[in-house]
Every structure is written in C-alpha cells, then in structure tokens.
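Participant:
Protein chains: 2
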Amino acid sequence: MQMDAVDQRIIALLVADARASYAEIGAKVSLSAPAVKRRVDRLRSTGVIKGFTAVIEPSAVGWTTEAFVELFCTGRTTPAQITVATRRHPEVIGAYTVSGQADALVHLRAADIGHLEQALERLRAEPFVTSTRSMVVLSRLVEAPTAIPLSS
Amino acid sequence: MQMDAVDQRIIALLVADARASYAEIGAKVSLSAPAVKRRVDRLRSTGVIKGFTAVIEPSAVGWTTEAFVELFCTGRTTPAQITVATRRHPEVIGAYTVSGQADALVHLRAADIGHLEQALERLRAEPFVTSTRSMVVLSRLVEAPTAIPLSS
DNA sequence: GGTGAAAAATTGACACC
DNA sequence: GGTGTCAATTTTTCACC
Numbered sequence: 001m002q003m004d005a006v007d008q009r010i011i012a013l014l015v016a017d018a019r020a021s022y023a024e025i026g027a028k029v030s031l032s033a034p035a036v037k038r039r040v041d042r043l044r045s046t047g048v049i050k051g052f053t054a055v056i057e058p059s060a061v062g063w064t065t066e067a068f069v070e071l072f073c074t075g076r077t078t079p080a081q082i083t084v085a086t087r088r089h090p091e092v093i094g095a096y097t098v099s100g101q102a103d104a105l106v107h108l109r110a111a112d113i114g115h116l117e118q119a120l121e122r123l124r125a126e127p128f129v130t131s132t133r134s135m136v137v138l139s140r141l142v143e144a145p146t147a148i149p150l151s152s
Numbered sequence: 001m002q003m004d005a006v007d008q009r010i011i012a013l014l015v016a017d018a019r020a021s022y023a024e025i026g027a028k029v030s031l032s033a034p035a036v037k038r039r040v041d042r043l044r045s046t047g048v049i050k051g052f053t054a055v056i057e058p059s060a061v062g063w064t065t066e067a068f069v070e071l072f073c074t075g076r077t078t079p080a081q082i083t084v085a086t087r088r089h090p091e092v093i094g095a096y097t098v099s100g101q102a103d104a105l106v107h108l109r110a111a112d113i114g115h116l117e118q119a120l121e122r123l124r125a126e127p128f129v130t131s132t133r134s135m136v137v138l139s140r141l142v143e144a145p146t147a148i149p150l151s152s
C-alpha cells in the first residue's frame with residue numbers, strides 16, 4: 001500500500017497514544033480532523049493499522065513469569081503445524097520460526113513458575129517437538145510498542 | 001492495587017479494542033459510561049493500564065526483518081548496564097535478562113538483513129558483550145497483545 | 001483536501017447508597 | 001468506598017463543496 005510521510009506521522013502518534021483525538025492528531029500534522037479520520041480509516045482497512053490495544057502491566061493482572069522457549073522439531077514439521085499447536089496454549093504470547101539451531105522460538109507468559117512449568121510440559125507434549133531449551137525471563141528491561149521510523 | 005472482576009473484564013475489552021467507547025464497554029460489564037471511565041482513570045493512574053497504542057503491521061512501515069539475539073556478558077555486567085546499552089539502539093524492541101546459558105535476550109527489528117547486521121555489530125561492540133547467538137525470525141506465527149485471563 | 005451540522009462520546013457536578 | 005443521572009463540552013462522523 002502507498003503511504004506518505006503524513007501517514008507515517010499519524011501512525012507514530014497513534015502508537016504513542018491510541019486514544020488521541022483526530023483533532024489533536026490533525027493539529028500536529030496540519031490536517032483537519034475529518035482528513036485524519038479518513039487516513040486512519042484507510043490505514044485500518046488496508047491492514048497497516050491492525051487495531052488498537054491497551055498496554056497492560058502484566059504483573060498487575062497476575063502474570064508474573066515469562067519465558068522464551070526454543071523448539072527443536074522433527075524434520076517434517078511445517079510452520080502451520082507450529083502455529084496451530086502454539087495457538088492452542090493461552091500462555092503463548094508470541095511464536096516465530098527462526099534460523100539457527102532451533103526451529104521456533106515461543107514466548108510464554110504464565111501466572112507463576114508452576115504455571116509456566118505446566119505450560120511448558122504441554123508444549124513439549126506436542127508430537128512434533130523433539131526437545132526444548134528454555135530461558136526464563138528474570139526482568140523485562142525494554143519492551144517497546146512497534147517503533148516507527150520518524151521521517152523528520 | 002486492588003482489582004475486581006469487573007476491572008479485569010474492562011481491561012480485557014480495552015486490550016481487544018482500545019478505542020471502544022465507555023458506553024460500549026459499560027454495556028458489556030453492566031455499568032454506566034461514567035462508572036467505566038472512573039475505573040479506567042483509576043487503572044491508568046495506578047499503572048495497571050500503561051497506555052493505549054496502535055498495533056501496526058511492521059512490514060507496512062518498512063521493518064521486514066526481526067531477530068532474537070542472546071547476549072553473553074562479562075561477569076560483572078548488571079541489568080542496568082544492559083538496559084542503558086540496549087535502549088541506545090532504536091532497533092531494540094525488547095530486552096530481557098534470562099536464566100540459562102545466556103545473560104540476556106534482545107529482540108531486534110530492522111529494515112532489512114543489512115540493517116539487522118549493522119545493528120547486531122553495534123550491539124556486539126558494547127564493552128560488556130563477550131559473544132552473541134542470533135536467531136533471525138523467518139515468520140511471525142503468533143503475536144498477541146498482553147493476554148488477559150478472562151474471568152467468565 | 002476542507003466546512004459545517006447532526007449524532008455520539010467524554011467529562012464533571014451532583015445526589016444517592 | 002462505590003454507583004447512576006444529567007448537562008455541558010468535545011469528538012466523531014456524516015453530509016456536501
């Protein structure tokens with residue numbers, strides 16, 4: 001899809017604050033509120049903006065434990081299989097196929113270590129998983145929303 | 001902070017759609033719009049809701065390459081040092097200290113492989129980094145916003 | 001792309017429990 | 001502490017140019 005510098009700035013402003021009003025955004029990009037809305041509607045319908053979400057402090061909702069788990073899979077495992085399998089587990093908040101020794105990297109979030117262990121066991125029970133390697137998150141140092149290159 | 005089931009449901013609804021109106025949310029949790037707003041204001045001021053953001057398709061804004069990099073650091077490296085160092089690099093969209101062989105895991109997003117390589121070189125140049133192990137993301141299978149346990 | 005008007009949402013004041 | 005109702009203001013969302 002075609003996007004100009006104004007679209008990029010609107011996106012950056014919405015990433016910074018998804019509840020900013022169109023008038024507020026318009027003031028910063030020198031556009032009227034309706035013009036901003038039309039652009040945002042277009043960005044949404046073309047899939048550039050996938051949605052709007054609240055950023056939550058995980059510990060506040062009872063998720064205190066995170067881990068990254070490398071999956072080593074059997075030879076014939078497809079990304080689709082991994083997708084289906086990982087989506088089944090509510091603890092999975094991210095999953096990626098990767099280059100390197102592992103086949104996939106899975107990001108888990110659980111209530112506590114016990115819950116994490118349980119989720120990990122379930123994941124390891126998937127038929128295509130041959131082995132795993134876990135990294136439990138000790139502290140989140142950086143966690144930024146999708147950064148947008150600012151075209152100044 | 002103290003949170004009841006209604007707060008949890010409001011949070012879940014805002015994670016699903018940060019631009020939902022208070023009246024719309026109120027209809028789903030059986031509360032008036034002002035009551036919802038008061039709760040949201042409280043959740044924001046207490047840091048449970050850290051903010052609202054737009055979810056962007058990374059490829060649409062020119063970020064086509066992602067990687068996870070394990071950092072192996074010198075013995076006396078502190079999390080604070082890693083935080084400061086990783087925040088300097090705009091390509092870092094996540095950083096965590098982890099248990100296991102590596103000391104930290106860094107999530108990078110770059111325009112292309114060349115850009116990623118460049119960012120990786122800069123990261124490896126940090127004085128406390130002894131070695132790295134990279135996993136380039138081949139495909140994003142799952143990428144969910146902070147999942148909230150639904151108290152049904 | 002802007003303007004203007006109607007509809008809807010936000011926000012604060014107030015009473016109530 | 002919490003809620004709902006009401007009114008003023010602001011925002012959204014249409015027309016139409």
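Residue numbers (full-length UniProt numbering), protein chains in the order written: chain A, 1 to 152; chain B, 1 to 152. A virtual CB, placed ideally from N, CA and C, is assigned to each residue, including glycine.
#1: How long is the line joining the alpha carbons of Gly47(B) and Val61(A), rounded to whole angstroms?
#2: Going by the beta-carbon positions, is the gap between Thr65(B) and Val137(B) smaller than 9 angstroms?
#3: List the endpoints of the continuous alpha helix (DSSP H) containing Thr83(B).
#4: Using a Cβ-Cβ distance under 9 angstroms, would Asp112(B) count as near chain A?
#5: Can you tell me whether DSSP reads Glu126(B) as helix, strand or coil?
#6: Pick from Met135(B), Val106(B), Arg9(B) and Pro127(B): whose alpha carbon is nearest that of Ile56(A)?
#7: Mind pulling the chain B residues with CB within less than 8 angstroms of residue 154(A)?
#8: Buried or exposed: Met1(B), going by 16 or more other Cβ atoms within 10 Å of its Cβ?
#9: Which residue's Cα is closest to the Cα of Thr53(A): Leu14(B), Lys28(B), Ser30(B) and Ala102(B)?
#10: Express the C-alpha separation of Gly51(B) and Arg19(B) in angstroms, rounding to a whole number.
#11: With a threshold of 9 angstroms between beta-carbons, can Glu66(A) be considered close to chain B, or not?
#12: Where do the N-terminal and C-terminal ends of the beta strand (DSSP E) with Gly51(A) fall, by residue?
#13: Taking buried to mean at least 16 other C-beta atoms within 10 Å of its own C-beta, is Asp103(B) buried or exposed?
#14: Examine chain B for any beta-carbon lying closer than 9 angstroms to the beta-carbon of Ser99(A), and answer yes or no.
#15: Among Glu91(B), Pro90(B) and Leu105(B), which residue has its Cα nearest to the Cα of residue 154(B)?
#16: Does any heavy atom of the ligand PLP sit closer than 8 angstroms to the C-beta of Ala85(A)?
#17: Spell out the partners DSSP gives Val15(B) in its beta bridges.
#18: Tell me which same chain residues have a C-beta within less than 8 angstroms of the C-beta of Pro145(A), skipping the five on either side of it?
#19: Following the continuous alpha helix (DSSP H) through Val29(A), name the residue where it begins and the one where it ends.
#20: Is the shortest distance between the beta-carbon of Gly26(B) and the beta-carbons of chain A less than 9 angstroms?
#21: Mind checking if Glu57(B) is an interface residue toward chain A, Cβ cutoff 9 angstroms exclusive?
#22: For Pro127(B), does the count of other Cβ atoms within 10 angstroms reach 16, so buried, or fall short, so exposed?
#23: Using the Cα positions of Ala80(A) and Ala95(A), report the straight-line distance between them to the nearest angstrom.
#24: Between Gly75(A) and chain B, is the shortest Cβ-Cβ distance under 9 angstroms, so that the two count as touching?
Facilitator: Inspection of the coordinates gives the following:
#1: Residue mapping note: residue 47(B) aligns to position 47 of the second sequence, counting from 1. Residue mapping note: residue 61(A) aligns to position 61 of the first sequence, counting from 1. Computed Cα separation, rounded: 11 angstroms.
#2: Position 65 of the second sequence, counted from the start, is the residue given in the question as residue 65(B). Position 137 of the second sequence, counted from the start, is the residue given in the question as residue 137(B). Yes; because the gap between Cβ atoms is below 9 angstroms, this pair is in contact.
#3: By one-based count along the second sequence, residue 83(B) stands at place 83. Start and end: Pro79 to Arg87.
#4: Numbered from 1 along the second sequence, position 112 holds the residue referred to as residue 112(B). It does not; no Cβ of chain A falls within 9 angstroms.
#5: Along the second sequence, read from residue 1 onward, the residue named residue 126(B) stands at position 126. Note: Glu126(B) maps to coil in three-state DSSP.
#6: Within the first sequence, the letter at position 56 stands for residue 56(A). With distances taken between Cα atoms, Ile56(A) lies closest to Arg9(B).
#7: Coverage of chain A is limited to positions 1 through 152, which leaves residue 154(A) absent and any answer about it impossible.
#8: The residue you call residue 1(B) lines up with position 1 of the second sequence. Under this definition Met1(B) is an exposed residue.
#9: For this step, residue 53(A) is matched to residue 53 along the first sequence. Of Leu14(B), Lys28(B), Ser30(B) and Ala102(B), the residue nearest in Cα terms is Leu14(B).
#10: Residue numbering aside, residue 19(B) sits at position 19 when the second sequence is read from its first letter. Residue numbering aside, residue 51(B) sits at position 51 when the second sequence is read from its first letter. Near 12 angstroms, if we compare the C-alpha coordinates of Gly51(B) and Arg19(B).
#11: Counting from one through the first sequence, the residue named residue 66(A) turns up at place 66. It does: the Cβ of Glu66(A) has a partner Cβ on chain B nearer than 9 angstroms.
#12: By 1-based counting over the first sequence, the position of residue 51(A) is 51. Ile49 to Ile56 is the extent of the beta strand (DSSP E) around Gly51(A).
#13: As a first step, residue 103(B) must be located in the second sequence, where it is residue number 103. By the 10 Å Cβ count, Asp103(B) comes out buried.
#14: Translated into the one-based positions of the first sequence, residue 99(A) becomes position 99. Yes, contact with chain B.
#15: This structure cannot speak to residue 154(B), because chain B is shown only from 1 to 152.
#16: With respect to small molecules bound, the structure shown includes none, and the ligand PLP cannot be examined in it.
#17: Taking the second sequence and counting its residues from 1, the one referred to as residue 15(B) is at position 15. In DSSP, Val15(B) forms no bridge with anything.
#18: Residue 145(A) sits at position 145 when you count from the first residue of the first sequence. Counting only Cβ-Cβ distances below 8 angstroms, and skipping sequence neighbours, we find Val15 and Val55.
#19: Your numbering for residue 29(A) matches position 29 in the first sequence. Start and end: Tyr22 to Val29.
#20: The sequence position of residue 26(B) within the second sequence is 26, counting from 1. It does not; no Cβ of chain A falls within 9 angstroms.
#21: Sequence index remark: in the second sequence, residue 57(B) carries index 57 (1-based). By this cut-off, Glu57(B) is an interface position.
#22: Sequence index remark: in the second sequence, residue 127(B) carries index 127 (1-based). Exposed: under 16 other Cβ atoms inside 10 Å.
#23: The residue labelled residue 80(A) in the question sits at position 80 within the first sequence. The residue labelled residue 95(A) in the question sits at position 95 within the first sequence. If I take the Cα positions, the gap works out to 11 angstroms.
#24: Counting from 1 along the first sequence, the entry for residue 75(A) is found at position 75. Not closer than 9 angstroms to any Cβ of chain B, the Cβ of Gly75(A) fails to qualify, so no.
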